[in-house]
Amino acid sequence: ETGYVTLDTGFVNTASCTSEITYIDGDAGILRYRGYPIEELAEKSSFLEVSYLLINGELPTPEQLTEFQDKITNHTLLHERFRSFFNGFPSSAHPMAVVSSAIGALSTYYPDSLDPFDPEQVDLASIRLLAKLPTIAAYAYKTSVGQPLLYPDNTLGYVENFLRMTFGLPTEKFEVDPEVAKVLDMLFILHADHEQNCSTSTVRLVGSSHANLYASVSAGVNALWGPLHGGANQAVLEMLEKIHADGGDVKAFVNKVKNKEDGVKLMGFGHRVYRNYDPRAAVVKKATRKVLDTMGVNDPMLDLAMQLEEVALTDDYFVQRKLYPNVDFYTGIIYKAMGFPVNAFTVLFALGRLPGWIAQWREMINDPATKIGRPRQIYVGSPERHYPA
Ligand code: SDX
35 ETGYVTLDTG FVNTASCTSE ITYIDGDAGI LRYRGYPIEE LAEKSSFLEV
85 SYLLINGELP TPEQLTEFQD KITNHTLLHE RFRSFFNGFP SSAHPMAVVS
135 SAIGALSTYY PDSLDPFDPE QVDLASIRLL AKLPTIAAYA YKTSVGQPLL
185 YPDNTLGYVE NFLRMTFGLP TEKFEVDPEV AKVLDMLFIL HADHEQNCST
235 STVRLVGSSH ANLYASVSAG VNALWGPLHG GANQAVLEML EKIHADGGDV
285 KAFVNKVKNK EDGVKLMGFG HRVYRNYDPR AAVVKKATRK VLDTMGVNDP
335 MLDLAMQLEE VALTDDYFVQ RKLYPNVDFY TGIIYKAMGF PVNAFTVLFA
385 LGRLPGWIAQ WREMINDPAT KIGRPRQIYV GSPERHYPA
């Protein structure tokens with residue numbers, strides 16, 4: 035059922051593992067972080083509070099949260115030499131390539147936080163990643179549009195700082211829209227962890243060789259990039275824009291998917307675990323209309339997405355295969371309304387997923403049962419044969 039052959043590999047963290055972090059009931063459409071329902075956290079918590087919860091297992095006291103936020107704020111700057119790293123990429127570079135490279139490169143600046151078995155070094159690497167990923171993500175965008183890199187403004191909140199570094203200019207004052215910041219914070223919460231998905235399993239697998247946290251997270255970013263995984267939020271918008279360009283005939287597109295023409299899939303639909311509506315998609319769908327109305331944006335892609343959902347949810351092909359909207363189906367419409375380019379959508383997914391990767395890597399590295407990831411195989415190749423005399 036999991037799609038893996040669970041052999042006695044001795045490495046519980048490859049094919050399946052025990053974890054205390056996230057609970058999913060795919061049939062009931064339930065998602066909880068450390069026991070808290072995602073709907074409650076999305077409504078009442080903040081992304082940094084949820085990050086603390088995922089990593090430490092408990093919600094922080096107000097003092098603990100303040101200390102956690104202050105530590106992150108103090109590490110938002112990149113080394114001055116690191117800024118020139120971004121000049122090495124063509125402006126056409128996909129930001130996921132820039133971000134995964136930059137995260138891996140962080141280990142060259144911070145040899146004091148590479149030891150996976152020194153709790154202080156692991157805490158330092160965790161804080162540095164949470165603090166610097168928004169700066170790296172903003173610089174990847176600025177590089178692609180040929181604009182100057184803004185230093186972080188530590189008087190701002192976590193998401194506000196990211197939005198200002200992304201969309202601000204040194205030539206003018208940038209006012210962060212509090213509504214946009216609040217919705218983006220909520221979207222980061224929804225993406226923060228999702229048990230043993232492809233990218234998280236990658237982070238665990240790489241870390242199981244005792245590679246440092248920067249290297250493991252960099253690998254996770256690359257796994258997330260794939261259009262079947264985190265890259266789906268970009269692929270959904272591209273799919274909707276193509277349907278729109280072809281005249282908006284939703285039924286014709288659904289028929290192409292059902293006939294599996296050119297391998298086309300309904301991006302943003304289906305899931306390895308959810309055989310019900312992804313609870314995150316329900317929260318995002320509700321927020322999408324509200325965000326567009328608040329921002330005065332009238333995007334035909336939203337109506338198209340809702341038509342597509344309506345057709346698919348009543349069509350036997352999708353119903354029989356239990357295919358429902360997943361977290362990626364509506365998020366891109368909000369990101370586009372916020373002004374992000376389509377190729378930056380998956381970077382936003384990575385920003386949200388970072389605390390989950392960190393929490394899962396720490397759980398794996400601290401688990402005495404963990405051995406190096408070494409999945410076995412069932413050999414189905416040629417029997418022994420000999421080289422011609
Ligand atoms: C994420 O794992 C996680 O937790 C991931 C994630 C997270 O938070 O980390 O939730 C984030 O990655 C969400 C998924 C984003 N990807 C997409 O939206 C891409 C489109 N979705 C599919 O590619 C697909 O649904 C997968 C990859 C997500 C799941 O693939 P599976 O496990 O192969 O799907 P399945 O076994 O359930 O498929 C059963 C049938 C097959 O057809 P038949 O062979 O029975 O004829 O359903 C078909 C599939 O071809 N199918 C689809 C489809 N998804 C499955 N057909 C059309 N459109 C789709 N989207």
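In full-length UniProt numbering, each number is its position in the sequence shown, counted from 1, plus 34.
Beta carbons: idealized from backbone N, C-alpha and C, even for Gly.
Keep in mind it's a predicted model, so treat the numbers as computed, not measured.
8 Å Cβ shell around residue i - same chain, five flanking residues per side excluded
i, result
"isoleucine 106", "Leu82, Ile161, Leu164, Ala165 and Tyr192"
"asparagine 310", "Gly60, Asp61, Ala62, Gly63, Lys356 and Tyr358"
"isoleucine 89", "Ser160, Pro389, Ile392, Ala393 and Arg396"
"aspartate 146", "Gln155 and Leu158"
"aspartate 333", "Leu326, Ile367, Lys370 and Ala371"
"glycine 182", "Residue identity check: residue 182 is proline in the sequence provided, not glycine. Same-chain partners within the cutoff: Lys176, Leu203 and Pro204."
"glycine 69", "Tyr57"
"aspartate 296", "Lys290"
Which listed residue (the options) has its alpha carbon closest to that of residue i
i, options, result
"isoleucine 137", "Thr95, Val237 and Phe222", "Val237"
"proline 261", "Gly91, His305 and Ser85", "His305"
"serine 252", "His278, Asp283, Ile392 and Lys292", "Ile392"
"glycine 60", "Val284, Ile368, Arg396 and Pro359", "Pro359"
"alanine 127", "Gly390, Ile412, Val381 and Met199", "Val381"
"threonine 189", "Leu336, Met398 and Asn108", "Asn108"
"valine 284", "Leu347, Thr177, Gly265 and Phe374", "Leu347"
"histidine 307", "Glu54, Thr110 and Ile58", "In the sequence as presented, histidine is not what sits at residue 307; that position holds valine. Here the closest residue by C-alpha is Ile58."
"valine 84", "Arg198, Tyr185 and Leu221", "Leu221"
"leucine 239", "Ser178, Ile406 and Lys356", "Ile406"
"phenylalanine 363", "Phe119, Val325 and Lys319", "Lys319"
"tyrosine 67", "Thr52, Ile368, Pro124 and Gly91", "Gly91"
"leucine 369", "Ala321, Ala403 and Ile55", "For clarity, residue 369 is tyrosine in the given sequence; the question names leucine instead. Looking at the Cα atoms, Ala321 is the closest of the given residues."
"glycine 302", "Ser80, Arg323, Gln341 and Thr365", "Thr365"
"leucine 336", "Val179, Ser242, Glu74 and Val270", "Val270"
"residue 451", "Glu343, Thr328 and Val255", "Residue 451 is absent from the structure shown; the chain starts at 35 and stops at 423."
"tyrosine 351", "Glu97, Leu300, Val133 and Gln341", "Leu300"
"serine 235", "Ala423, Pro422, Tyr421 and Thr52", "Thr52"
"histidine 278", "Leu338, Ser250 and Gly241", "Leu338"
"serine 250", "Ser135, Val345 and Gly415", "Ser135"
"valine 298", "Gly281, Gly282 and Lys276", "Lys276"
Spatial neighbours of residue i in its chain, beta-carbon cut-off 6 Å, leaving aside the 5 residues before and after
i, result
"leucine 140", "Tyr248"
"valine 331", "Ala371"
"leucine 218", "Val193"
"proline 168", "Phe196"
"cysteine 232", "Ala257 and His263"
"threonine 110", "Ala165, Thr169 and Pro186"
"serine 178", "Ser125"
"threonine 56", "Tyr67, Asp227 and Glu229"
Cβ shell of residue i (< 7 Å), same chain only, five flanking positions each side left out
i, result
"arginine 314", "Leu65, Ile72, Leu224 and Val361"
"glutamate 272", "Val376"
"phenylalanine 102", "Leu82, Tyr86 and Pro94"
"phenylalanine 201", "Phe208 and Gly373"
"glutamate 418", "none"
"phenylalanine 383", "His225, Leu258, Gly264 and Asn267"
"serine 80", "Asp219"
"leucine 148", "Ser141, Gln155 and Asn246"
"lysine 378", "Checking the sequence shown, residue 378 turns out to be alanine, not lysine. Closer than 7 Å at Cβ, skipping near neighbours: Pro129 and Tyr175."
"valine 133", "Ile170, Ala171, Ala174, Val255, Val381 and Ala384"
Buried or exposed by the 16-neighbour rule on C-beta atoms within 10 Å, applied to residue i
i, result
"alanine 62", "exposed"
"phenylalanine 151", "exposed"
"valine 353", "exposed"
"histidine 228", "buried"
"glutamate 397", "buried"
"asparagine 400", "exposed"
"threonine 100", "exposed"
"aspartate 312", "buried"
"leucine 274", "buried"
"asparagine 246", "buried"
"valine 325", "buried"
"lysine 176", "buried"
"tyrosine 173", "buried"
"threonine 205", "exposed"
"threonine 48", "Here the model assigns threonine 48 a pLDDT of 47, short of 50, so the residue's position is not dependable and the matter cannot be decided."
"threonine 171", "With the sequence shown as reference, residue 171 is identified as alanine, and threonine is not the correct amino acid for it. Alanine 171 comes out buried."
"glycine 241", "buried"
"glycine 37", "Only weak support is given to the placement of glycine 37: the predicted model assigns it a pLDDT of 42, under 50, and the question is left unresolved by the model."
"alanine 286", "exposed"
Proximity test, residue i beta-carbon vs the ligand MG heavy atom, cut-off 7 Å
i, result
"valine 84", "With respect to the ligand MG, the structure shown offers nothing to examine, as its ligands consist of the ligand SDX."
Beta carbon proximity, residue i to chain C, threshold 8 Å
i, result
"glycine 304", "Looking for chain C here will not work: only one protein chain is present."
Query raised in the report: Residue ranges of each alpha helix (DSSP H) run of no fewer than 4 residues wholly in the stretch 127-201, ordered along the chain?
Result: 129-143, 153-179 and 192-201
Query raised in the report: What residue ranges within the stretch 219-266 form continuous alpha helix (DSSP H) runs of no fewer than 4 residues, ordered along the chain?
Result: 232-241 and 247-259
Query raised in the report: Should the stretch 108-126 be called in touch with the stretch 205-218, which here means at least 3 C-beta pairs below 8 Å?
Result: They do not touch, by the three-pair rule.
Query raised in the report: Using 8 Å as the threshold, is the stretch 291-298 in touch with the stretch 385-402, meaning 3 or more CB pairs across them?
Result: no
Query - Within the stretch 329-381, ranges of the alpha helix (DSSP H) (whole runs, at least 4 residues) - result: 334-347, 350-354 and 362-372
Query raised in the report: Unbroken alpha helix (DSSP H) runs of length 4 or more, entirely within the stretch 41-127: which are they?
Result: Runs found: 46-49, 72-78, 81-90 and 96-107.
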